[in-house]
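Everything below concerns the one structure shown next.
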Amino acid sequence: MSFFGFGQTADIEIVFDDADKRKVAEVKTDDGKKEKLLLYYDGETVSGKVNVTLRKPGSKLEHQGIKVELIGQIELFYDRGNHHEFISLVKELARPGDLLQHTSYPFEFANVEKPYEVYTGSNVRLRYFLRATIVRRLTDITKEVDIAVHTLCSYPDVLNSIKMEVGIEDCLHIEFEYNKSKYHLKDVIVGKIYFLLVRIKIKHMEISIIKRETTGSGPNTFTENETVAKYEIMDGAPVRGESIPIRVFLAGYDLTPTMRDINNKFSVRYYLNLVLMDTEDRRYFKQQEVILWRKSDKSRLPLHPHHPQTVSYQGHQSLRKQSVSSDDNSARATPSNPDPENVMQRSVSPSMPEKQNGPLQMEREKPEAFIDKLAGAHINENDTNDTSDEIEEPKPVEKLPVVDKPLIAEKPQIAEKPTLNRPEPAGSPNQ
Amino acid sequence: MKVLAQMTNQVSPVEEQEKLLEEALNIVKVQAFQMKRCLDKSKLMDALKHASTMLGELRTSLLSPKSYYELYMAITDELRHLELYLLEEFQKGRKVADLYELVQYAGNIVPRLYLLITVGLVYIKTNTNLRRDLLKDLVEMCRGVQHPLRGLFLRNYLLQCTRNVLPDTHEAPNENEGTVRDAVDFVLMNFAEMNKLWVRMQHQGHSRDKERRERERSELRILVGTNLVRLSQLESVTVEDYRRMVLPGILEQVVSCRDAIAQEYLMECIIQVFPDEFHLANLQPFLKSCAELQPGVNIKNIIIALIERLASYSQRNEGNMNLSVVLEDGQEQEVQLFEVFSDQVAAITQSRVDMPQEDMLSLQLALLKLAQRCHPDKLNYVDRVLAHTDKICTDIHQSSGQSTLEHHTPVFKELMKIIKLPCDHYKNILVLIKLSNYAPLIRHLSYQGRVMIAVHLINDVLETNTAISTPQDVEAVLGLLDVLVKDQPDQPPSESDVEDFVEEQGLLARLIHHFKSDSADQQYLITSTARKILQGGGARRIQHTFPPLVFHAYRLAFVYKDLKDQDEMWEKKCQKIFQFCHQTITMLVKAELAELPLRLYLQGALAISEIGFANHETIAYEFLSQAFSLYEDEISDSKAQLAAITLIIATFEQINCFGAENAEPMRTQCALAASKLLKKPDQSRAVALCSHLFWKGTRDGRPVWALNDASRALDCLKKAARVAQQCMDGGVQAQLLAELLGRYALLRERGNQSLTPSLIDAIIQKIREELANLDQSEEVEQITKHFHNTLQHLKNRIESPDPESLGYEGLTLS
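Those sequence lines, one after another, are chains A and B.
Its first residue numbered 1, the first sequence is counted upward by one per residue in the UniProt record's numbering.
Its first residue numbered 1, the second sequence is counted upward by one per residue in the UniProt record's numbering.
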């Protein structure tokens, strides 16, 4: 009716209770922009008012009923038409009738279960929104408002560390340790790399955080990898016996909690990828999944430089002892179960230099601009030289004489996986 | 692009370096400018970004250490602005939350760590409670840079930044501020890491670049050494702290890095930067570590440096040093500096089998210096060093199969220094001979070396005018000079350098004059001891060495004469002395020498006659007759004959002790010998001289000689005139006659009346005649002058006669 310029029409506005007090969270929309949305947690009541404003005061608006819905849905981008709603709550606000004046309908979805966190990835989006609808005969008048949902988690303070000895036979043996296997989003990764054997000329070493988004299932599985952060932790070639500290602050990066098998539609997992590059630009890496979780802000301890978090750097001796004593932990932390990713990496293809232009992996958007400025400053320029990506999956080494029993009995894996870890020309190298 | 740069780098390294550096510096300039602008506008985050970009230049691998240093200096200079800005803000209370965390988001490690250090420093300066933990964190995080050059400079930056904020107290008011212990740990850790990086440089790249790498390393060594300087600047570190925390940490790193260049430099560094007291208290651990250093380390330099340092210290403190060591049972024991070094040096030389032999000797040299400087009273220390040196030399011989050290080899030079050192130090050969190992040491030198040392020693004695006054000393001194005293097995066979030899023997002869004692008896013993030793030297040597001995003996005889009132035995002793002389001279005769013994005999005869002890006439006669028989038997050259007979006649003339019995044969023989001379002029002169055998004047209060025989004196002169006239050459004739005229005048003035004025006149006429016949020449002129001078003398005498002698009555000179 409004198309023809006559007939009554109305604007709908959804106003949340406590909107001015409620926290907001930035959420990416599907066009890549960021939006500030009111933030709700699982079990919280979503309440407010739906205000209907008539365009032409005085004339009536006929409707078949007014309702408000709270919807949680997963959108797969390759399947635009099909939205999978995992929550759909409806409140009737008015029975069919005529609306003569501006009306305000309070609503309340009490203690709504919101099992998942909002997420916008490359192939999938999980969103919550409220939809108010004035049902009419021909076209409904609707209004949708997104809300943000964060899922909080808590883990015991004492968490297993990840400790593993990996290497390529007679070439490179390292032992690395991350202080935890589960990190909250404002956490700091502390660890160290201990070099047991170095027969290659290492140029530098970095840790990257890889986000792996898997959507679909069965033959229609799509996997998208994104390097969220790239962090150089060592410059130059170490020798046997060196131990290199790791300390990565996570707060500055654009991370989400790990999501596993969300409603059977998608997963988002995070991996720490330890990459060593030699002087001939061959890359040696080891990926290790870490669980990211969101910690409640209230209990979050402020991170101060007063307490630099370092693992105790002891000599090799004590390190060895430690690893022996924490065998159980290490074994548990070790993915001796073949991950799907690992299976993929195992597929051996001839190692040959190959050029590929993929999406810019290093593109990052960060909440704080300055972090971006610092972090993004140079690291890419090294990668312009990456013509050959001989990717090897370091394997847990054979038993070293010092260790009482073999840490893990995994077969050596050497695999090339050109699509992964493909650094791209980014930024302008200093030439 | 990088590859290209590297290639061109090889083409023209210098220019390429300059270009690269300039480019980098330009970027630094731009970024620094931007950074400061942002700071002015209080845009800290943007400033940090520019700082980070600027620091990114330090990631380069293309610059040489030198250029990298320049870049580093330029950048750290700019970082000061950032630091000052932050410091000011913080002090104003405008703290930037989590800045320490924020800078760690820098993706690249090198810029990140420079920023972290800069920010960390600001934190420490504004809140000392963070000091301990932050220092620990910073030094730990720097491990991330394993590239040697970049790592060294990064850690140097850390060290520079923290230099004024290291905790330097034993008791911190607040434990978070840290104590000196934390400071030591911090620097030691940084030191160990830097050293590792520095050592690693050696093993990177092609072996063909070894030289360049070593040069570059030596350019960078100061960066590593600065750590030690920093440690030494911690004022609250006590000797005890140094012993427990500092030194073991350093030494462990130095020893375990197993890199010769590092070890050598760092050990010297330790010696240079820490106080003497610290070294003294820790000699043993230090020296023990020295023994564990790499074979390539020039350990000698290290130890020598330490020794010299402590020796000077000891000297400054006049040897008052409290030096104690902790024994294995935990007890402290006072020890001598020398003892410690001596033991450790011995251990080191033993453990380091590959040590060059000259280095072992250099170490001994250093020890020797130490002993001399620190323990001037302990000669046995010096001797111990010499004994050790002796052993080393013996080993050297064993390994080389030679019995002496070759000239101009390094070992030779070192040994030479060792031998010269005590000599120059004590300036007294009497001290040297107390060192029982000194003489044996000399024997290790080659012939030439021994000669050099001997000459050196003698010159010293001559310079210092040292008297060697006991037979034992003489024996010892001559022992040192063995090479000059007698033939050596390794002497060069040919008498290639006679001049040198003569000079050396001349020196030895001069030395013999210093064999003197105030006691006459002692002097005798000295002289006879000396002869006993010197007689082994053979004819070539004794002709130089015996004359001084003989003169010593003659002088001694005069001494006894002076002592005759005190010493009843003086006459006996004189006899013995002359016996000794006789033997000595006889040895020279046996060595087929003639002129020298002849003169010595004559000299002896003179002395004997003068001293006039019992039986002296016989002995004088013996001496004189020995001289005469030498003349007869051994001297054949006519000139020498003339000279010899002249001497004999003169000696006889001087001697007054002979009675007729001894005088008669002597003068007859002389006259006979004179007349038998081959050449007429010689004959004439000798015969003329013989006149003195028969007539002695009464000069100097001498009584009239009982054996004067005026006519025989005249006969001599007449014969001389006759012989002169037999000469064919008029000039010679004139000359001889002119001389004869003088002789006439002389004897007449001495009271011989037989030489009448008429005889004199006849001679004068004869001379005039001869001169008239001669053509003018220089020679003739001289003769004429001589003649006229004599005439003038006569004229004077005629005009003013000497009342005590005969005049020339009746002589007219026209």
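Note that beta-carbon positions come from the ideal geometry of N, C-alpha and C, so glycine has one too.
Keep in mind the model is a prediction, meaning the values are calculated, not measured.
For residue j and residue i, the rounded distance between their alpha carbons
i, j, result
"histidine 513 (chain B)", "glycine 697 (chain B)", "36 Å"
"lysine 186 (chain A)", "alanine 25 (chain A)", "15 Å"
"phenylalanine 109 (chain A)", "histidine 63 (chain A)", "23 Å"
"valine 190 (chain A)", "leucine 166 (chain B)", "26 Å"
"glycine 178 (chain B)", "aspartate 18 (chain A)", "50 Å"
"leucine 99 (chain B)", "isoleucine 202 (chain A)", "31 Å"
"glycine 249 (chain B)", "isoleucine 270 (chain B)", "12 Å"
"tyrosine 808 (chain B)", "phenylalanine 578 (chain B)", "45 Å"
"glycine 144 (chain B)", "arginine 213 (chain B)", "23 Å"
"glutamate 231 (chain A)", "leucine 134 (chain B)", "The residue asked about is misnamed: residue 231 (chain A) is tyrosine in this sequence, not glutamate. Using only the alpha carbons, I get a separation of about 22 Å."
"glycine 236 (chain A)", "asparagine 123 (chain A)", "38 Å"
"valine 248 (chain A)", "glutamine 104 (chain B)", "8 Å"
"proline 257 (chain A)", "cysteine 171 (chain A)", "36 Å"
"glutamine 344 (chain B)", "leucine 283 (chain B)", "9 Å"
"leucine 280 (chain B)", "serine 314 (chain B)", "10 Å"
"valine 239 (chain A)", "glycine 151 (chain B)", "14 Å"
"serine 323 (chain A)", "tyrosine 72 (chain B)", "Only weak support is given to the placement of serine 323 (chain A): the predicted model assigns it a pLDDT of 32, under 50, and the question is left unresolved by the model."
"aspartate 715 (chain B)", "serine 691 (chain B)", "8 Å"
Whole-angstrom C-beta distance between residue j and residue i, which should lie under 8 Å
i, j, result
"asparagine 129 (chain B)", "asparagine 174 (chain B)", "6 Å"
"arginine 131 (chain A)", "glutamate 35 (chain A)", "Actually they are not in contact, since the Cβ atoms of arginine 131 (chain A) and glutamate 35 (chain A) sit about 17 Å apart, beyond 8 Å."
"leucine 272 (chain A)", "isoleucine 207 (chain A)", "6 Å"
"phenylalanine 338 (chain B)", "alanine 371 (chain B)", "5 Å"
"valine 224 (chain B)", "methionine 194 (chain B)", "5 Å"
"asparagine 176 (chain B)", "arginine 131 (chain B)", "7 Å"
"valine 411 (chain B)", "isoleucine 396 (chain B)", "6 Å"
Closer than 9 Å to chain A by CB, residue i
i, result
"histidine 81 (chain B)", "no"
"isoleucine 109 (chain B)", "yes"
"lysine 196 (chain B)", "yes"
"proline 295 (chain B)", "no"
"arginine 112 (chain B)", "yes"
"valine 145 (chain B)", "yes"
"tyrosine 105 (chain B)", "yes"
"methionine 141 (chain B)", "yes"
"glycine 93 (chain B)", "no"
Cutoff 9 Å: residue i Cβ touching any chain B Cβ
i, result
"glutamate 242 (chain A)", "yes"
"lysine 230 (chain A)", "yes"
"histidine 204 (chain A)", "yes"
"phenylalanine 249 (chain A)", "yes"
"glycine 191 (chain A)", "no"
"valine 239 (chain A)", "yes"
"isoleucine 14 (chain A)", "no"
"proline 219 (chain A)", "no"
Proximity of residue i and residue j at Cβ, strictly below 9 Å
i, j, result
"lysine 114 (chain A)", "threonine 151 (chain A)", "yes"
"valine 184 (chain B)", "valine 246 (chain B)", "yes"
"leucine 677 (chain B)", "leucine 630 (chain B)", "no"
"phenylalanine 623 (chain B)", "leucine 602 (chain B)", "yes"
"glutamate 595 (chain B)", "isoleucine 635 (chain B)", "yes"
"proline 295 (chain B)", "aspartate 354 (chain B)", "yes"
"leucine 306 (chain B)", "phenylalanine 286 (chain B)", "yes"
"alanine 509 (chain B)", "threonine 545 (chain B)", "yes"
Enumerate, from N- to C-terminal direction, the unbroken beta strand (DSSP E) stretches of 3 or more residues contained entirely within the region 59 to 133 of chain A. 61 to 63, 65 to 76, 83 to 94, 97 to 99, 103 to 109
Runs of alpha helix (DSSP H) wholly within the region 588 to 630 of chain B (minimum 4 residues, chain order): DSSP runs (the alpha helix (DSSP H)) wholly in the region 588 to 630 of chain B: 595 to 611.
Taking only runs that begin and end inside the region 408 to 468 of chain B, name each unbroken alpha helix (DSSP H) of 4 or more residues, in chain order. Counting only runs of 4 or more, we get 410 to 426, 429 to 432, 438 to 442, 447 to 464.
If we require 4 or more residues per run, which alpha helix (DSSP H) segments fall completely within the region 80 to 131 of chain B? Complete alpha helix (DSSP H) runs here, min 4: 99 to 102, 109 to 126.
List in chain order: all unbroken alpha helix (DSSP H) runs of 4+ residues lying wholly within the region 738 to 802 of chain B. 757 to 772, 778 to 799
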